[in-house]
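S.K.: Heads up: the sequence shown runs through residues 1 to 147, numbered per the numbering used here.
Idealized CB from N, CA, C, for every residue including glycine.
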Amino acid sequence: MRIAIGCDHGGLEHKNAIAEHLKERGFEVKDFGIYEQVSVDYPDIAVKVAGSVKEKESDLGILVCGTGIGMSLAANKVKGIRAAAVSEHFSAKYTRLHNNSNILCLGGRVIGVGTAIELVDLFVDTEFEGGRHAKRVDKITAIEEAN
Numbered sequence: 001m002r003i004a005i006g007c008d009h010g011g012l013e014h015k016n017a018i019a020e021h022l023k024e025r026g027f028e029v030k031d032f033g034i035y036e037q038v039s040v041d042y043p044d045i046a047v048k049v050a051g052s053v054k055e056k057e058s059d060l061g062i063l064v065c066g067t068g069i070g071m072s073l074a075a076n077k078v079k080g081i082r083a084a085a086v087s088e089h090f091s092a093k094y095t096r097l098h099n100n101s102n103i104l105c106l107g108g109r110v111i112g113v114g115t116a117i118e119l120v121d122l123f124v125d126t127e128f129e130g131g132r133h134a135k136r137v138d139k140i141t142a143i144e145e146a147n
């Protein structure tokens, strides 16, 4: 599985730890930065990761900013992206299982690195359940197509 990852200055430590963890698990990781502690605009990173997922260069994406919210807002502007800002285990699993989310957004100022890695593992290890949930995801896609 190929995973795109990126962060702003609020998520560098988390992003680096997550990327290393994913590589140790055998995933191919494409790192869209940042690579040093400098202030950047999170939409610039979000659009790169979302573009990689949209174009199917990556299977899933992970974005980290201060709260995860800004990254999710920006990533969700890219057609075909379902990005979820998550800070606990249940949502990390069910955003994949029921919503078929393709980008996980985390807050480097909200959760610790250990929790972030646990949430990433739940996210990448969970498959979309389909069934009755597919109809609902299709409705989200229809909204996107209509606007």
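Suppose you measure from the CA of Asn16 to the CA of Lys93; what does that come to, to the nearest Å?
M.R.: Cα to Cα, the separation comes out at about 22 Å.
S.K.: Suppose contacts are defined by Cβ-Cβ distances below 7 Å. Is Ile81 in contact with Ala75 by that definition?
M.R.: For Ile81 and Ala75, yes; Cβs fall inside 7 Å.
S.K.: Suppose contacts are defined by Cβ-Cβ distances below 7 Å. Is Ala83 in contact with Cys105 by that definition?
M.R.: Yes, these two residues count as a Cβ contact at 7 Å.
S.K.: Within the 7 Å Cβ cut-off, does Asp44 reach chain C?
M.R.: Absent here is chain C; the protein component of the structure consists of one chain.
S.K.: Round the Cβ separation of Ile103 and Ser87 to the nearest angstrom and send it over; I've been treating them as touching at under 8 Å.
M.R.: The Cβ separation is near 15 Å, so there is no contact.
S.K.: Where does Arg132 land, buried or exposed, given buried means 16+ other C-beta within 10 angstroms?
M.R.: That one is exposed.
S.K.: Along the alpha helix (DSSP H) that carries Arg25, what are the first and last residues, could you check?
M.R.: Run containing Arg25: none; DSSP gives neither H nor E here.
S.K.: Alpha carbon to alpha carbon, how far is His98 from Thr141?
M.R.: Each residue's alpha carbon lies about 14 Å from the other.
S.K.: Label Arg136 either buried or exposed according to how many other C-beta atoms from any shown protein chain fall within 10 Å of its C-beta, with 16 as the threshold for buried.
M.R.: Answer is exposed; the Cβ neighbour count stays below 16.
S.K.: State yes or no: is the C-beta of Ala4 within less than 7 Å of the C-beta of Lys23?
M.R.: No.
S.K.: Which value, in whole angstroms, describes the spacing of the CA atoms of Val120 and Asp8?
M.R.: Computed Cα separation, rounded: 18 Å.
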